[in-house]
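J.:
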Amino acid sequence: MKISVILGHPDKDSFNHAIANTVVETLLNNRHDVIFHDLYKENFDPVTTGQEIRKGASLERVIEEHCNEISKAEGIVIVHPNWWGQPPAILKGWVDRILRPGVAYEFKEGDSGEGVPVGLLNAKTALVFNTGDTPEERELQVFGDPLEVLWKKCIFDFCGVETFYRRMFGVIITSKLEERQKWLKEVENTVDMYFPRNFSVV
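All residue numbers for the sequence shown refer to the UniProt record's numbering, where the first residue is 1 and numbers rise by one.
(1) Closest by CA to D45, which one among A123, V95, V79?
(2) Smallest Cα separation from V128: which of L140, F156, Y165?
(3) Tell me whether residue 208 sits in a helix, a strand or coil according to DSSP, three-state version.
(4) Suppose the cutoff is 8 Å on Cβ atoms and the five residues either side in sequence are ignored; what does the same chain contact list for E106 look like?
(5) Could you tell me how far apart the beta carbons of N16 and H80 are, in whole angstroms, since I believe they sit closer than 8 Å?
(6) Evaluate F199 with the Cβ neighbour count: other Cβ atoms within 10 Å of its Cβ, from every protein chain shown; 16 or more gives buried, anything less gives exposed.
(7) Which residues does DSSP list as the beta-bridge partners of Q86?
(8) For I172, which option in A104, Q51, S14, E60 has the closest C-alpha, if you only look at C-alpha atoms?
(9) Quick one: measure Cβ to Cβ for F195 and H37, integer angstroms, because I've assumed they're closer than 8 Å.
(10) On the DSSP bridge assignment, give the partners of D33 in chain order.
(11) For E178, which of helix, strand or coil comes out of DSSP?
(12) Which residues in the same chain have their Cβ closer than 6 Å to the Cβ of A20, if we skip the five residues on either side of it in sequence?
(13) Specify, as a first and last residue, the run of the beta strand (DSSP E) that V128 falls within.
(14) Taking the alpha-carbon of T134 as reference, which of L184, L59, T174, L150 has the nearest alpha-carbon?
(15) Below 7 Å between beta carbons: does that hold for L85 and P146?
(16) Just list the residues that DSSP pairs M168 with in beta bridges.
(17) Between the Cα of A89 and those of N189, S4, L39, spot the shortest distance and give me the residue it belongs to.
(18) Please name the residue in E25, N82, E137, M1 whose C-alpha comes closest to that of N130.
(19) Specify the secondary structure class of T48 as computed by DSSP and reduced to three states.
(20) Tell me the rounded alpha-carbon separation between G170 and G110.
(21) Cutting at 8 Å between CB atoms, please list the residues of its own chain near G115, excluding the five before and the five after it.
Following this line, the structure appears as structure tokens:
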């Protein structure tokens with residue numbers, strides 16, 4: 001399977017990077033074709049220009065390459081921290097520029113955009129791994145876990161991805177090495193479950 005892995009965290013020593021590395025390593029061990037983007041390392045430009053908003057617009061080469069990759073992906077994995085109940089701006093910009101009309105979704109003929117979209121993504125499964133420093137009980141009671149709504153309902157349901165799983169790891173700032181190792185093993189097991197070994201590849 002072709003799996004697209006997108007990482008949004010500026011610190012190469014972060015636990016997010018450790019998660020992403022575990023995801024990529026597990027996918028490769030399971031004989032999948034992995035396309036990995038570390039958005040900060042690649043200096044991805046998150047700013048959408050006015051001319052590229054409409055379906056069929058002329059796109060920069062790097063944006064067109066990302067669009068082609070995500071449209072062909074059979075699975076998607078997103079890794080990022082919880083910043084103010086949102087992804088980092090660079091990842092939000094990736095969503096804005098890449099999950100675009102004609103690539104990730106479209107509206108039925110005659111629908112000017114007020115109706116229910118048709119999802120176009122080829123991927124059937126999406127995983128999202130987050131990190132945070134808010135205890136789970138407070139996150140749910142006070143903030144309502146906005147990342148769950150964003151990724152599941154506003155993005156992947158919208159774009160036609162049928163199977164969704166998300167996991168928030170924390171509290172990161174007070175976590176010990178043993179706990180982080182346990183979490184990385186959980187990441188490995190989750191990837192194994194949703195993207196098991198591809199026995200068709202010799």
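Yeah, the Cβ is synthetic: ideal placement off N, Cα and C, and Gly gets one too. All of these numbers come straight from a predicted model, not from anything done at the bench.
T.: Let me lay it out:
(1) V95
(2) Y165
(3) Nothing can be reported for residue 208, as the shown portion of the chain is limited to 1 through 202.
(4) K55, P117, V118, L120
(5) 6 Å
(6) exposed
(7) W83
(8) S14
(9) Their Cβ separation, rounded to whole angstroms, is 17 Å, which puts F195 and H37 out of contact at 8 Å.
(10) K2
(11) helix
(12) L7, V79
(13) 125-131
(14) T174
(15) The sequence given here places Gly at residue 85; Leu does not occur at that position. A contact, by the Cβ cut-off of 7 Å.
(16) N130
(17) L39
(18) N82
(19) coil
(20) 46 Å
(21) F107, K108
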